[in-house]
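Peer 1: For reference, the structure I am asking about is given below.
This is the structure in structure tokens:
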């Protein structure tokens with residue numbers, strides 16, 4: 001687990017965001033046990049209170065669940081997991097659009113460009129894995 | 131109490147190497163003194179006898195025999211004692227200042243010990259007093275040993291045997307180190323302790339108020355000094371021998387105790403409320 | 408909770424503290440930030456009764472500091488508070504001798520973590536390792552509060568990393584930590600509460616996460632606003 005924190009966003013939200021990403025790509029699988037708040041704090045080098053707050057936030061929004069005194073687990077609720085994926089995609093797309101819009105690129109050109117670059121990036125990644 | 135004893139042993143252990151060095155230097159120097167003095171004396175006597183063609187009996191008409199007292203006034207004997215005394219006087223200051231000015235600020239640790247801070251004062255005081263008594267005791271053991279060596283080195287007819295007691299009482303400074311009465315002992319060592327207690331309080335004044343503290347401490351020291359002398363000052367005004375010696379002793383004892391208690395109380399206050407790291 | 412209430416301190420005619428007030432809670436890491444000479448160290452010394460105050464009051468869990476308090480509140484000064492001729496073992500012995508709250512198991516754990524052996528003499532340790540031993544001597548006490556004066560200043564990056572990882576471990580958890588620094592970047596992620604001091608008073612006092620959440624400012628951003636005028 002490794003996060004490059006930025007210093008202006010709340011750290012607990014950055015932790016939540018990180019968990020969402022890991023869940024969206026199934027690095028964290030439904031029902032998987034997650035580290036205790038102390039272990040998380042130690043792994044991420046953050047304050048245990050911040051780890052606590054991140055878990056509380058995730059618990060409230062249904063990303064994780066805790067049964068009794070057992071360790072917390074990633075949710076098995078498909079609906080939530082789908083939502084996370086959608087939310088992340090929406091967020092990233094919104095960012096992209098917000099950045100590209102002031103340049104007035106025609107949509108056709110943009111789609112072509114995205115297709116080309118995205119294919120290339122995926123290929124590079126595969127090459128890297130080989 | 132337990133913490134006080136731990137602190138005493140700790141303070142002793144911090145000086146033990148130098149302390150042992152002092153004892154070794156004293157022992158070596160004094161034995162060397164016995165050796166060289168007796169050899170020189172024997173040589174001088176032989177030379178005189180040859181040159182002046184005296185008989186031994188004639189010799190002792192004009193010259194005194196050698197006694198151990200001659201040894202005790204030699205540099206070999208006295209200088210290590212003065213040196214040790216000076217080291218302990220110096221260490222009476224250093225025992226405090228080393229905690230502030232050492233490589234590491236050990237005073238932080240000492241002041242943060244979960245024990246009454248006056249224990250620091252008492253432990254340092256006890257350590258110095260024990261070291262003084264230790265050196266004095268060592269000297270007391272050394273004298274008969276040195277005296278025995280002295281007797282071995284010189285033939286009967288060249289020396290005059292003296293008991294340890296006679297040796298001590300015939301020497302001005304040895305009779306101060308080893309008083310022959312308990313009252314004398316109380317006076318000398320009591321005064322010594324009093325001076326040490328007042329000195330420690332003065333050091334604590336300095337450590338609490340720095341430059342101003344030196345002034346306060348100086349006034350405190352002068353005050354106690356005048357107070358101790360006051361019975362004699364007053365008597366010179368009245369009549370020189372207004373009080374019997376025993377009465378003077380009682381008054382001085384009383385003043386000494388009062389000043390010690392006050393000085394310790396002031397130190398307690400400074401350590402708890404005014405001291406700064 | 409450590410409550411510092413309106414404390415003032417004069418050195419001669421120079422006022423070092425001019426009515427400083429702040430609190431540090433158990434279970435939180437509170438950071439006193441200020442340039443050198445702002446009065447941070449003096450404030451810590453005053454909490455530990457290592458320097459007298461001109462006025463004001465300091466309470467620990469509602470009570471004034473007594474000699475027993477030294478069992479439950481530890482201070483780690485910026486130089487090691489132990490004799491340099493001692494070995495680590497002797498230093499631990501000394502602590503064990505005087506503090507009933509000394510926890511030898513935890514001391515050993517820390518020594519292991521820092522990869523130091525008890526036969527080493529303090530005088531022979533590097534600056535970073537000396538800082539670690541200094542930290543160990545404080546952390547191995549079962550204390551509620553831990554005060555640290557500039558634990559990161561003047562030591563190498565790897566020692567700094569090791570020390571920061573102690574902060575996120577069970578060794579610190581649930582204790583109240585009050586730390587001073589003039590350099591925030593090493594511990595920005597670790598701090599709960601920030602107290603900015605300038606010229607003997609508190610100029611700003613805030614929760615780091617709240618500041619990021621509500622005003623989207625980093626600690627450094629706030630420091631810039633406060634100190635650079």
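Residue numbers (the working numbering), protein chains in the order written: chain A, 1 to 130; chain B, 131 to 407; chain C, 408 to 636.
No residue lacks a Cβ here, since even glycine has one placed at the ideal position from N, Cα and C.
With distances taken between CB atoms, is the gap from residue 122 of chain B to residue 253 of chain B smaller than 8 Å?
Peer 2: Residue 122 of chain B falls outside the range modelled here, since chain B spans only 131 to 407, and no answer is possible.
Peer 1: Run down chain A in chain order and give the residues with a C-beta less than 8 Å from the C-beta of residue 593 of chain C.
Peer 2: Within chain A, no residue comes near residue 593 of chain C; the closest Cβ sits about 10 Å away, beyond 8 Å.
Peer 1: Roughly how many angstroms separate the alpha carbons of residue 399 of chain B and residue 333 of chain B, rounded to a whole number?
Peer 2: 13 Å
Peer 1: Are the C-beta of residue 487 of chain C and some C-beta of chain A separated by less than 8 Å?
Peer 2: Answer no: the Cβ-Cβ gap between residue 487 of chain C and chain A never drops below 8 Å.
Peer 1: Is the Cβ of residue 238 of chain B closer than 8 Å to any Cβ of chain C?
Peer 2: yes
Peer 1: For residue 564 of chain C, would you say it is in contact with chain A, using Cβ-to-Cβ distances shorter than 8 Å as the test?
Peer 2: no
Peer 1: Where are the alpha helix (DSSP H) runs, 4 residues long or more, that stay fully inside the region 493-571 of chain C, in chain order?
Peer 2: For the region 493-571 of chain C, whole alpha helix (DSSP H) runs of length 4 or above, ordered along the chain, are 495-505, 511-521 and 534-546.
Peer 1: Rounded to whole angstroms, how far is the Cβ of residue 547 of chain C from the Cβ of residue 510 of chain C, which I believe are closer than 8 Å?
Peer 2: 5 Å
Peer 1: On the DSSP letters alone, give me the boundaries of the alpha helix (DSSP H) that residue 620 of chain C sits inside.
Peer 2: Per DSSP, residue 620 of chain C belongs to the alpha helix (DSSP H) from 615-622.
Peer 1: Can you give the Cα-Cα distance for residue 430 of chain C and residue 559 of chain C, rounded to whole angstroms?
Peer 2: The alpha-carbon of residue 430 of chain C is positioned some 22 Å away from that of residue 559 of chain C.
Peer 1: Note down, in chain order, all residues in the region 33-53 of chain A with a beta-carbon under 8 Å from any beta-carbon belonging to chain C.
Peer 2: 38, 41, 42, 44, 45, 46, 47, 48, 49, 50 and 53
Peer 1: Near residue 335 of chain B, what residues of its chain come up, given a Cβ to Cβ distance below 7 Å and the 5 sequence neighbours on each side ignored?
Peer 2: 343, 346, 347, 350 and 400
Peer 1: Residues of chain C with a CB under 7 Å from the CB of residue 407 of chain B: which are they?
Peer 2: 452, 457 and 458
Peer 1: With distances taken Cα to Cα, identify the nearest neighbour of residue 356 of chain B among B:245, B:176, B:328 and B:376.
Peer 2: B:328
Peer 1: Assuming residue 280 of chain B contacts residue 201 of chain B (C-beta within less than 8 Å), just tell me the rounded distance between them.
Peer 2: 6 Å
Peer 1: What do you get for residue 182 of chain B, buried or exposed, if any count of 16 or more other CB atoms within 10 angstroms of its CB means buried?
Peer 2: exposed
Peer 1: Measure the C-alpha to C-alpha separation of residue 131 of chain B and residue 515 of chain C and round it to an integer number of angstroms.
Peer 2: 29 Å
Peer 1: Which residues in the same chain as residue 613 of chain C place their Cβ atom closer than 6 Å to its Cβ, once the five residues preceding and following it in sequence are excluded?
Peer 2: 601
Peer 1: Kindly give me the distance between the Cβ atoms of residue 553 of chain C and residue 584 of chain C, rounded to whole angstroms, as I take these residues to be in contact under 8 Å.
Peer 2: 5 Å
Peer 1: Should residue 627 of chain C go down as buried or exposed, given a rule of 16 or more other Cβ atoms within 10 Å for buried?
Peer 2: exposed
Peer 1: Check the Cβ-Cβ distances between residue 9 of chain A and every residue of chain C, and say whether any is below 8 Å.
Peer 2: At a cut-off of 8 Å between beta-carbon atoms, residue 9 of chain A makes contact with chain C.
Peer 1: Taking the Cβ atom as the reference point for each residue, do residue 25 of chain A and residue 73 of chain A lie within a distance shorter than 8 Å?
Peer 2: no
Peer 1: Report the residue from C:636, C:576, C:540 and C:567 whose alpha carbon sits nearest the alpha carbon of residue 484 of chain C.
Peer 2: C:540
Peer 1: Any contact between the region 222-239 of chain B and the region 190-209 of chain B? By contact I mean 3 or more CB pairs, one from each, below 8 Å.
Peer 2: Put simply, the region 222-239 of chain B does not touch the region 190-209 of chain B. Fewer than three CB pairs are less than 8 Å apart.
Peer 1: Would you mind giving the Cβ-Cβ distance between residue 177 of chain B and residue 276 of chain B, rounded to the nearest angstrom? I have them listed as a contact below 8 Å.
Peer 2: Their Cβ separation, rounded to whole angstroms, is 25 Å, which puts residue 177 of chain B and residue 276 of chain B out of contact at 8 Å.
Peer 1: Can you find a C-beta in chain C that's less than 8 Å from the C-beta of residue 5 of chain A?
Peer 2: yes
Peer 1: How long is the line joining the alpha carbons of residue 282 of chain B and residue 169 of chain B, rounded to whole angstroms?
Peer 2: Within the model, the alpha-carbon separation for residue 282 of chain B versus residue 169 of chain B is close to 11 Å.
Peer 1: With H, G and I counted as helix, E and B as strand and the rest as coil, what does DSSP make of residue 200 of chain B?
Peer 2: Reduced to three states, the DSSP call for residue 200 of chain B is helix.
Peer 1: Between which two residues does the beta strand (DSSP E) holding residue 605 of chain C run?
Peer 2: 600-605
Peer 1: What separation, rounded to the nearest whole angstrom, lies between the Cα atoms of residue 187 of chain B and residue 311 of chain B?
Peer 2: Those two C-alpha atoms are separated by around 39 Å.
Peer 1: Sorted by chain position, which residues of the same chain lie with C-beta nearer than 7 Å to residue 256 of chain B's C-beta, five sequence neighbours on each side aside?
Peer 2: 138
Peer 1: Counting only Cβ pairs nearer than 9 Å, list the residues of chain C close to residue 245 of chain B.
Peer 2: Those are 474, 477 and 505, listed as they occur along chain C.
Peer 1: State the Cα-Cα distance for the pair residue 318 of chain B and residue 504 of chain C, rounded to the nearest angstrom.
Peer 2: Using only the alpha carbons, I get a separation of about 36 Å.
Peer 1: If you scan the region 408-475 of chain C from start to end, which runs of the alpha helix (DSSP H) of 4 or more residues do you find wholly inside it?
Peer 2: For the region 408-475 of chain C, whole alpha helix (DSSP H) runs of length 4 or above, ordered along the chain, are 447-454.
Peer 1: Where does residue 194 of chain B land, buried or exposed, given buried means 16+ other C-beta within 10 angstroms?
Peer 2: exposed
Peer 1: Counting only the same chain and skipping the five closest in sequence on each side, list residues whose C-beta sits under 7 Å from that of residue 446 of chain C.
Peer 2: Setting aside the 5 residues that flank it on each side, residue 446 of chain C is surrounded in the same chain by 423, 424, 427, 604 and 607, each with a C-beta closer than 7 Å to its C-beta; the list follows chain order.
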